[in-house]
Amino acid sequence: MRVIFLNWRDRTHPRSGGAEVLAQGLATRLASAGHDVTFYCARVAGQPDDAEIDGVKVVRRGGRYSVYSQARAWLRAARPAYDLLIDHINTVPFFTPLYDRTRAVALVPQLARDVWWYEVPALVAPLGMAAERAYHTLYRNTPAITISRSTKEDLRRFGWRAPIRVISMPVAAGGSELWDKHSPPALLFVGRLTPSKRVEQAIDAFAVVRARIPGATLWIAGSADDTHYERMLHQRSQRVGGVEFLGHIDDVQRRQRMGTADMLLVTSVREGWGLVVTEANAVGTPAAGYDVAGLRDSIKPGQGLLVPPGDARALGTAVADLLLDRGALAHMAARARADAAYYGWDRTYAEFVDALRALRPDLKL
Numbered sequence: 025m026r027v028i029f030l031n032w033r034d035r036t037h038p039r040s041g042g043a044e045v046l047a048q049g050l051a052t053r054l055a056s057a058g059h060d061v062t063f064y065c066a067r068v069a070g071q072p073d074d075a076e077i078d079g080v081k082v083v084r085r086g087g088r089y090s091v092y093s094q095a096r097a098w099l100r101a102a103r104p105a106y107d108l109l110i111d112h113i114n115t116v117p118f119f120t121p122l123y124d125r126t127r128a129v130a131l132v133p134q135l136a137r138d139v140w141w142y143e144v145p146a147l148v149a150p151l152g153m154a155a156e157r158a159y160h161t162l163y164r165n166t167p168a169i170t171i172s173r174s175t176k177e178d179l180r181r182f183g184w185r186a187p188i189r190v191i192s193m194p195v196a197a198g199g200s201e202l203w204d205k206h207s208p209p210a211l212l213f214v215g216r217l218t219p220s221k222r223v224e225q226a227i228d229a230f231a232v233v234r235a236r237i238p239g240a241t242l243w244i245a246g247s248a249d250d251t252h253y254e255r256m257l258h259q260r261s262q263r264v265g266g267v268e269f270l271g272h273i274d275d276v277q278r279r280q281r282m283g284t285a286d287m288l289l290v291t292s293v294r295e296g297w298g299l300v301v302t303e304a305n306a307v308g309t310p311a312a313g314y315d316v317a318g319l320r321d322s323i324k325p326g327q328g329l330l331v332p333p334g335d336a337r338a339l340g341t342a343v344a345d346l347l348l349d350r351g352a353l354a355h356m357a358a359r360a361r362a363d364a365a366y367y368g369w370d371r372t373y374a375e376f377v378d379a380l381r382a383l384r385p386d387l388k389l
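Using my numbering, count along the sequence shown one by one with no gaps and you end on 389.
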């Protein structure tokens, strides 16, 4: 079978995240199974336009915005033969229903929705939300694969009529070792430092924790594109104390911090799933976050804490209560770790293949 993935970014992109991990991981496993796989994405500084990675042909064209228009131009010029076109919709789609209504399957990790109000100017946000609803209407007859029940429900609300299958979000192998916990207690935030992640609310929640547990520490791992936002976070943390900014950390450091932290804080406006939650769970660290799309899927009852969206005080209070009850925390951590063992690449790939067979029974898989 010949497969083309249309993707905004690949894993080498400095702004890549869980969606890119998923898409490129699926592409690699299809190639390993003997399929001919091409991964189209945006150019990255210092990377060749064409390469082969883990058996996958990588084609890089265009930049942050032109990658979409150049995808259709590349398909017309190169005329690659393919049986399956995976249109990865990560905020902006490739509009494949305009030129291929029969071979495309959409991969939709998440919808932007409220994120528009945090990541673009206020005058632009309503336009972004309207555009998102409009282009999802264009896709309403395209079969889709997503990673959470929340996103599936969002797609249905946007008028998506075609079949939608949900697959699980995998955790990389080798990320389930147990670590000695930090003393005094440490909390961790990990992710891009961007307004839609609401990092300032993680700091506000930590302030509530620190008022009750004076020696507590908050580690913030990640980098920021917006220097104004980053400066605001540093100023806010200085008023609280006990906050350490780690900057960008590699995978080894990430696992070590996740394993030694007592809890993970996740304050996003919404997520597709929240891969950091499952990664932390795998090393025995439960997560505390808001009851929003994605996080209500990955943070499960008895395995983490969910509070009403935007209520940093409630988040801090719930975390402090749990930190002060070490028996309850240990029980929650054990349940979270046991559940995380379910999420592996073998299972995700098997679910992906089953989904493709259901959505495209004509394919030879």
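Backbone N, C-alpha and C define an ideal beta-carbon position, used for all residues, glycine too.
Remember, predicted model here, so these are calculated numbers, not experimental data.
Kindly say whether residue i, judged by its beta-carbon, lies nearer than 7 Å to any beta-carbon of chain C.
| i | result |
| --- | --- |
| residue 36 | Going by chain labels, chain C is absent from the structure shown, which holds only one protein chain. |
For residue i, count the other beta carbons within 10 Å of its own beta carbon; 16 or more makes it buried, fewer makes it exposed. Which is it?
| i | result |
| --- | --- |
| residue 111 | buried |
| residue 388 | exposed |
| residue 31 | buried |
| residue 207 | exposed |
| residue 361 | buried |
| residue 56 | exposed |
| residue 348 | exposed |
| residue 262 | exposed |
| residue 258 | exposed |
| residue 172 | buried |
| residue 321 | buried |
| residue 252 | exposed |
| residue 305 | buried |
| residue 178 | buried |
| residue 249 | exposed |
| residue 128 | buried |
| residue 70 | exposed |
| residue 296 | buried |
| residue 34 | buried |
| residue 151 | exposed |
| residue 123 | exposed |
| residue 51 | buried |
In three-state terms, what does DSSP make of residue i?
| i | result |
| --- | --- |
| residue 309 | coil |
| residue 112 | strand |
| residue 392 | Missing from the structure shown is residue 392; the chain here goes from 25 to 389 and no further. |
| residue 299 | helix |
| residue 318 | coil |
| residue 74 | strand |
| residue 96 | helix |
| residue 204 | coil |
| residue 290 | strand |
| residue 271 | strand |
| residue 83 | strand |
| residue 62 | strand |
| residue 43 | helix |
| residue 2 | Nothing can be reported for residue 2: it is not among the residues displayed for the chain, which extend from 25 to 389. |
| residue 102 | helix |
| residue 91 | helix |
| residue 189 | strand |
| residue 69 | coil |
| residue 51 | helix |
| residue 304 | helix |
Are the CB atoms of residue j and residue i within a distance shorter than 7 Å?
| i | j | result |
| --- | --- | --- |
| residue 63 | residue 80 | yes |
| residue 331 | residue 342 | yes |
| residue 286 | residue 333 | no |
| residue 89 | residue 117 | no |
| residue 220 | residue 139 | yes |
| residue 191 | residue 379 | yes |
| residue 213 | residue 237 | no |
| residue 301 | residue 323 | yes |
| residue 26 | residue 101 | no |
| residue 383 | residue 121 | no |
| residue 291 | residue 222 | yes |
| residue 386 | residue 327 | no |
| residue 317 | residue 174 | yes |
| residue 264 | residue 337 | no |
| residue 82 | residue 75 | yes |
| residue 339 | residue 346 | no |
| residue 42 | residue 299 | yes |
Residues in the same chain with beta-carbon distance under 6 Å from residue i, minus the five sequence neighbours each way, listed in chain order, please.
| i | result |
| --- | --- |
| residue 113 | 130, 132 |
| residue 368 | 194 |
| residue 414 | Missing from the structure shown is residue 414; the chain here goes from 25 to 389 and no further. |
| residue 311 | 288, 290, 301, 304, 323, 328 |
| residue 85 | 94, 98 |
| residue 226 | 213, 289, 291 |
Leaving aside the five residues before and after residue i along the sequence, list all residues of the same chain whose C-beta is less than 7 Å from its C-beta, in chain order.
| i | result |
| --- | --- |
| residue 271 | 247 |
| residue 47 | 29, 31, 112, 131 |
| residue 260 | 224, 227 |
Item checked: Segments of 4+ residues assigned as alpha helix (DSSP H) that fall wholly inside the segment 109 to 180 -> 140 to 143, 149 to 162
Next item on the list: Return the chain-ordered ranges of every alpha helix (DSSP H) run that is complete within the segment 321 to 388 and spans a minimum of 4 residues.
Entry: 336 to 347, 350 to 364, 369 to 383
Next item on the list: Could you name each continuous beta strand (DSSP E) segment of 3 residues or more that falls completely within the segment 214 to 266, going from the start of the chain to the end?
Entry: 241 to 245
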